[in-house]
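Going by the numbering used here, the sequence shown opens with residue 4, and the numbers climb by one from there. We put the CB at the ideal spot given by N, CA and C, even for glycine. A short write-up of the structure that comes next.
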Amino acid sequence: MLLVGPGCGEWPAWPNRVSPSPATAPSGALRRPGASSIDGVGDQIRDGAPRRPTMILQISFDVLRARVPRGFFSQSEKIWNHVNEAVVPQESAVLLQRNGLRVAVGGTDSWPPIRALFEQKGLVETSQNSMVLNNGLPLVIEPDQRMRDQTVFMFRPDGTLGGASFPQSVNGLLIEYELAGAATDDLRISITPQVRLPKQPPRLSWNVPGYMEHTVTPPTRVFRELAFTVTAGPGQFIAIGPSRLIENAHLVGSLLLCDEREGERMESMYFITPKVLNTGQRVGF
């Protein structure tokens, strides 16, 4: 699993890579999503140079991926009974499920029974990763970095089915966020499936004054039709998993959440915990 956060200026982006743990039940080291602390966050600039006050929004994302044999998430309600699916409007929830996706929000009381189910299941692979982002820069979760030729089908909101082929592409989830209110630590999180396409070389053209322009083909196909937005407060996490319709191998949800391990069909579920680290004024450039 790879987390990608674009950055600029003082805030560089870096990929945090975490290898999945062995295919055994999670040990006591498997902590609740968002339980980790990140050192160095909120340090102030102390070089003495003049700065103008700048409003900084700093958010940490803790992402836990659980990978199990096919059916544990998609064909059972055991995990879903402990989270709240009503946070997504019914019309959106139905559309997501038709496309192989299921979404909910859980709290601190949701994690202990979910963890107990993982331990009871036994053969569960987990990987956990964290990233800090600033001032609205988006986060992208890519379950598998290997590029592959694939055909993607999607049920649209009007009920029609569309499809397209994407050569040498990578699937991911685009995560965007904003404060839900001026005086709150609640976050409004928008999540959208996407396909990252190969980078295209720039095309060179000449404008009237004779200057050279660079036109670059957009590197992603973002499925805005399947975007959804939820609100997460302190200690809450967003759960994204497969629906019962995951068996259609070309649906968006299946391509995002399903794979094979040594010939065995597997599926994954993500537990994403956002946390507001800083919303106050800070000296900046």
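Annotated three-state conformation of residue 167 is strand, per DSSP.
Between the alpha carbons of residue 151 and residue 199 lies a distance of about 11 Å. When DSSP states are grouped into helix, strand and coil, residue 251 belongs to the coil group.
Shown here for residue 271: same chain residues with a beta carbon closer than 6 Å to its own, the five before and five after excluded, namely 68, 70 and 260 in chain order.
Excluding five sequence positions before and after residue 78, the CB atoms of its chain that fall closer than 7 Å to its own CB belong to 247, given in chain order.
Counting only runs of at least 3 residues, the segment 110-190 fully encloses the following beta strand (DSSP E) elements, listed from N- to C-terminal order: 128-137, 142-145, 151-158 and 164-182. By the neighbour-count definition (other C-beta atoms within 10 Å, threshold 16), residue 85 is a buried residue. Scanning the segment 66-103 for uninterrupted alpha helix (DSSP H) segments of 4 residues or longer gives 93-101, listed from N- to C-terminal end.
Under DSSP, residue 277 shares a beta bridge with 64. Selection 75, 241, 266 and 280 evaluated against residue 182 yields 280 as nearest (Cα-Cα). For residue 267, the three-state secondary structure derived from DSSP is strand. Between residue 103 and residue 254, the gap from beta carbon to beta carbon is short of 7 Å.
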